[in-house]
Amino acid sequence: MIKLKTALTTLALAGSIAAVSAPAMARDTINIVGSSTVYPFATVVAERFGRNTDFPTPKLESTGSGGGLKLFCEGVGTQHPDITNASRRMKPGEFENCQANGVKEITEVRIGADGIVIANSKNAEKLDLTLEQVFLALAKEVPNPDGGDELVANPYMNWSDIDSSLPDFEISVMGPPPTSGTRDAFVEIAMQGGCKKYDFIKNMDKSEMKSVCHAMREDGPFIEAGENDNLIVQRLSQDPQTLGIFGYSFLMENTGQIQAATINGVEPTPEAISSEEYPVARSLWFYIKKAHVGVVPGIQEYVAEFTSESTWGDNGYLVDVGLIPLPRDQRMATAKRVKDLEPMTGNEL
Amino acid sequence: MTDQSSQAEIVRNSLKRRYRKERRFRMYGILAIFIALASLFILFADIISKGHTGFLKTTITLDVTLDSETMYLDDPTDEDQRSMADFVAPIIASLQEHFPEVESAAEKRELGRLIGTYGASKIRDLLKDNPDMLNTTQTMEFLAHDRVSTYVKHADNPRYSIKLSEQQQGWVDQLLEKGVIDTSFNDVLFSRGDSREPANAGILGAIVGSLLTMLVTLAISFPVGIAAAVYLEEFAPQNRITDFIEVNINNLAAVPSIIFGLLGLAVFISLFGMPRSVPVVGGLVLALMTLPTIIISSRAAIKSVPPSIREAAEGVGASKMQVVLHHVIPLAMPGMLTGSIIGMAQALGETAPLLLIGMVAFIVDVPGGFFDSATVLPVQIYLWASSSEQGFVELASAGIMVLLTFMISMNALAIWLRKRLERRW
Chain D
6 MIKLKTALTT LALAGSIAAV SAPAMARDTI NIVGSSTVYP FATVVAERFG RNTDFPTPKL
66 ESTGSGGGLK LFCEGVGTQH PDITNASRRM KPGEFENCQA NGVKEITEVR IGADGIVIAN
126 SKNAEKLDLT LEQVFLALAK EVPNPDGGDE LVANPYMNWS DIDSSLPDFE ISVMGPPPTS
186 GTRDAFVEIA MQGGCKKYDF IKNMDKSEMK SVCHAMREDG PFIEAGENDN LIVQRLSQDP
246 QTLGIFGYSF LMENTGQIQA ATINGVEPTP EAISSEEYPV ARSLWFYIKK AHVGVVPGIQ
306 EYVAEFTSES TWGDNGYLVD VGLIPLPRDQ RMATAKRVKD LEPMTGNEL
Chain Y
20 MTDQSSQAEI VRNSLKRRYR KERRFRMYGI LAIFIALASL FILFADIISK GHTGFLKTTI
80 TLDVTLDSET MYLDDPTDED QRSMADFVAP IIASLQEHFP EVESAAEKRE LGRLIGTYGA
140 SKIRDLLKDN PDMLNTTQTM EFLAHDRVST YVKHADNPRY SIKLSEQQQG WVDQLLEKGV
200 IDTSFNDVLF SRGDSREPAN AGILGAIVGS LLTMLVTLAI SFPVGIAAAV YLEEFAPQNR
260 ITDFIEVNIN NLAAVPSIIF GLLGLAVFIS LFGMPRSVPV VGGLVLALMT LPTIIISSRA
320 AIKSVPPSIR EAAEGVGASK MQVVLHHVIP LAMPGMLTGS IIGMAQALGE TAPLLLIGMV
380 AFIVDVPGGF FDSATVLPVQ IYLWASSSEQ GFVELASAGI MVLLTFMISM NALAIWLRKR
440 LERRW
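Heads up: the protein sequence lines correspond to chains D and Y, in order.
Last residue of the first sequence? That's 354 in my numbering, and every number before it is there in order.
Last residue of the second sequence? That's 444 in my numbering, and every number before it is there in order.
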């Protein structure tokens, strides 16, 4: 009986101790949030940084670009993150939100480029697509194939319906869900790019044009596959008639099983993506909260590691994980700005 | 008479059909059990077939000459010199001894890529701790690069693509024959935190994180849950308010777990300013989630204590509190414990609420306390399953096996406790 009582009291005590916490404690680990596209690069840098210095390994959360910027802009103080990664540039609204919450000085770093590829199994025919064909295959509403400036529900079920040069099999494309930055970029670059080929859509009012160009079809041929790109790769290798949409780094990791389609005749090579000759390319960024430099130890050292030539350079270790480096002069200029922690003015956005 | 015989006729005729119906009904039951067992079997077979290789590591054992000239290092205690030194060179040199035909710089680099990137840090750390080892030859065991490991383990599995060049494959084959490359039990898996390199990734960080989180959960939900159950069952008056509370507790048990995550984010992190990604917050959220389960099962256990025990205790003059503490709680304990352990097992497998409070994160260092950033087992499995490197596929399955082991042992503990402490009247 006594035993039971002591056990209960101990548990209750332990409970009350755990419940009382010291809010907003000093922190010695760098907190990074943001894009799931930058995550594979940032984690590699963070791990190296932790291994090669006496600082603890930074903690990385993959929250998506928008989610990361929201957390980042919530305020200054150790309960807020120090750095956020993004697979698109900060929007002016987000910059204002940051300013309003006291996050005044932010340093912007462009780290490189990433391409979005449309790939299929190596056992299937290699495809040569144009942005217009991609749009026609995947949009919810497309211009009437019989001519005229009107939109109809997407009638295309086979690739060969779109263009006789394309193979005769069913359209079936697996892609990321709307929460993903890859999806945002794909819709904004590829779908919108293809859709603007039609003058009457291009001449629409901007928000109307966006709602037409950004709507993916929901009648089956486009399959939302979740954030797990590995599953897409597995499915592609099982079903040669299915195509998948994902980041270039996944293509690099799986060159044994899948091949990328050329878009507008351009092969997604690092050079073509970096020069934006490959049409579905985007830049990757991260943002540093200057107010935290000196408060949380190691931020400057982490950033220095990220922007050193052996990391993001042409032969750096990020290239091995699929980053497409910036041209050397841009790297040099950025590294210098980052060293001085030059703040953004808001006008560059 | 004809009437009776015709009725008997009807019964006789329908008898066959009724028997048939019953046989069919039983068949449905057996079929259902068979489907359940078969899917369980397929699940286990799939996980084990994918994951068993995760428990193996591929190592390369080399006699490394820690020559100060090849490394450009005279004084290993000097930090500046260490940061400029080339710790990959001695590894390449000792690999080259096995392949004297390798001459060109490009080929040497390819040879060096057989070893994972932790190889250089291993030499650096060894020299940092033992400066007198400079200019000696040491036998060291290195972890092979992920690609080598995939080749050694899965060369003839079409699910994996081999990313070594033909030349590298030849080298690995020769080293395997010589016994330089070997596979052994993957102790790294149980002694390190996460890593972006599959060969160096371990699950210890997640195990410790899960343990810390579960401790907080247990410390809060068990006493609170039992106190609530005892009060509601033994002391509370029967009125509308207690009815209302009861209905709400039952509803709370059915609330999707992500809602508790939102609550944790709004209350513990935004309002109380607690840090993100720490076991304390995770434990608090999961405690809220398991509370209803514990209260409901504890109330059921208290209810099942026969009234005769209470009446007998009251009959000899025990106060209400004595009745509860001396008789009801000890007798209801097995049921309460079972409920708590099952609730805890549920919490152990939870990821959704932790996503919102930042415990789904890349964390390398093994957490040392309740306020260190940590992740938990199911989250670690999720992170590995969504990584692009092939080596993580087997690690994710190995992680599932570890998690299942924890779950099964917790459930076994619950059964054992129940069997041991159970009392029959």
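C-beta atoms are modelled at their ideal positions from N, C-alpha and C, and glycine is treated no differently.
Bear in mind the structure is a predicted one, so any value in this text is a computation, not a measurement.
*Of all the residues that make up the segment 260-292 of chain D, which are near chain Y by a beta-carbon distance shorter than 7 Å?*
G261 and Q262
*With 16 other CB atoms within 10 Å as the buried threshold, where does D:I109 fall?*
Per the sequence shown, residue 109 of chain D should be read as Lys rather than Ile. D:K109 comes out exposed.
*Just the Cα atoms here: how many angstroms apart are Y:I52 and Y:L62?*
15 Å
*asked:* Would D:P254 and D:A118 be called neighbours here (beta carbons separated by less than 7 Å)?
replied: Going by the sequence as given, residue 254 of chain D is Ser instead of Pro. No, the pair does not count as a contact, with Cβ atoms beyond the cut-off.
*Interfacial residues, the segment 51-77 of chain D to chain Y, with Cβ spacing under 9 Å*: A51, E52, R53, G55, R56, N57, P61, T62, P63, K64, L65, E66, S67, T68 and L76
_Measuring only the C-alpha atoms, how far is Y:L307 from Y:L237?_
11 Å
*Pair every Cβ in the segment 351-359 of chain Y with every Cβ in the segment 367-376 of chain Y, then say whether three or more of these pairs are closer than 8 Å.*
no
*Between Y:Y91 and the rest of its own chain, which residues show a CB-CB distance below 7 Å, the 5 nearest in sequence each way excluded?*
M103, A104 and D105
*Could you please tell me which residues of the segment 367-390 of chain Y, in chain order, have their CB closer than 8 Å to any CB of chain D?*
G377, V379, A380, F381, I382, V383, D384, F389 and F390
*Would you mind working out which of Y:V191, Y:T169 and Y:G189 sits nearest Y:I181, comparing C-alpha positions?*
Y:T169
*Could you check the C-alpha separation between D:E4 and D:K96 for me, to the nearest Å?*
Any answer about residue 4 of chain D is impossible in this case: the structure gives chain D only from 6 up to 354.
_So, does the segment 76-92 of chain D touch the segment 254-263 of chain D, judging by three or more C-beta pairs under 8 Å?_
no
*Using 7 Å as the limit for Cβ to Cβ distance, is D:Q246 near chain Y?*
no
*asked:* Give me the subset of the segment 112-135 of chain D whose CB atoms are less than 7 Å from a CB atom of chain Y, sorted by chain position.
replied: none
*Decide yes or no for the touch test of the segment 289-300 of chain D against the segment 158-175 of chain D: beta carbon pairs closer than 8 Å, at least 3 of them.*
no
*asked:* Assuming D:T34 and D:K64 are in contact, meaning their beta carbons sit under 8 Å apart, how far apart are those beta carbons, in whole angstroms?
replied: 5 Å
*Assuming Y:P298 contacts Y:I268 (C-beta within less than 8 Å), just tell me the rounded distance between them.*
Not really, about 26 Å apart at Cβ, beyond 8 Å.
*chain Y contact residues for D:S254, given Cβ-Cβ distances below 8 Å*: S407
_Contacts of Y:R215 in chain D (Cβ-Cβ under 7 Å)_ = T48, V49 and E52
*Which bits of chain Y does D:P45 rub up against, with CB to CB less than 8 Å?*
R215, S406 and S407
*Between the segment 266-295 of chain Y and chain D, which residues of the former have a C-beta closer than 8 Å to a C-beta of the latter?*
I288, F291, G292, M293, P294 and R295
*Going by alpha carbons, who is nearest to D:V301 out of D:P86, D:S40, D:E79 and D:E229?*
D:P86
*Proximal chain D residues relative to Y:S140, where beta-carbon distance stays under 8 Å*: R56 and N57
*Quick one: is Y:S392 near chain D, going by C-beta distance under 7 Å?*
yes
*By Cβ distance below 7 Å, which residues in the same chain neighbour D:E137 in space, the five residues on each side in sequence not counted?*
G199 and K202
*asked:* Quick test of the definition: if touching needs 3 or more C-beta pairs under 8 Å, does the segment 219-229 of chain Y touch the segment 392-403 of chain Y?
replied: yes
*Could you list which residues in chain Y have their beta carbon closer than 7 Å to that of D:R222, in chain order?*
The contacting residues do not exist; D:R222 stays about 26 Å from chain Y at best.
*By the 10 Å Cβ neighbour count, where 16 or more other Cβ atoms means buried, how is D:P183 classified, buried or exposed?*
exposed
*Ignore the nearest five residues each way along the sequence and tell me which others in Y:M293's own chain have a CB closer than 6 Å to its CB.*
F287 and V300
*Taking the alpha carbon of Y:L195 as the point to measure from, which residue in Y:G73, Y:I79, Y:V274 and Y:K322 has its own alpha carbon closest?*
Y:I79
*Counting pairs of beta carbons, one from the segment 406-418 of chain Y and one from the segment 317-336 of chain Y, are three or more of them closer than 8 Å?*
no
*Can you pull the chain D residues whose beta carbon is under 8 Å from the beta carbon of Y:S180, in chain order?*
N259, T260, G261 and Q262
*Look at D:A190 and D:I121 and say whether their C-beta atoms are less than 7 Å apart.*
yes
*If you measure beta-carbon to beta-carbon, which residues of the segment 75-103 of chain D are closer than 7 Å to chain Y?*
Q84
*Check the Cβ-Cβ distances between D:V25 and every residue of chain Y, and say whether any is below 7 Å.*
With a pLDDT of 46 at D:V25, under the threshold of 50, the predicted position of this residue should be treated as unreliable, and no value is reported.
*Buried or exposed: which applies to Y:A380, given that a residue is buried once 16 or more other Cβ atoms fall within 10 Å of its Cβ?*
buried
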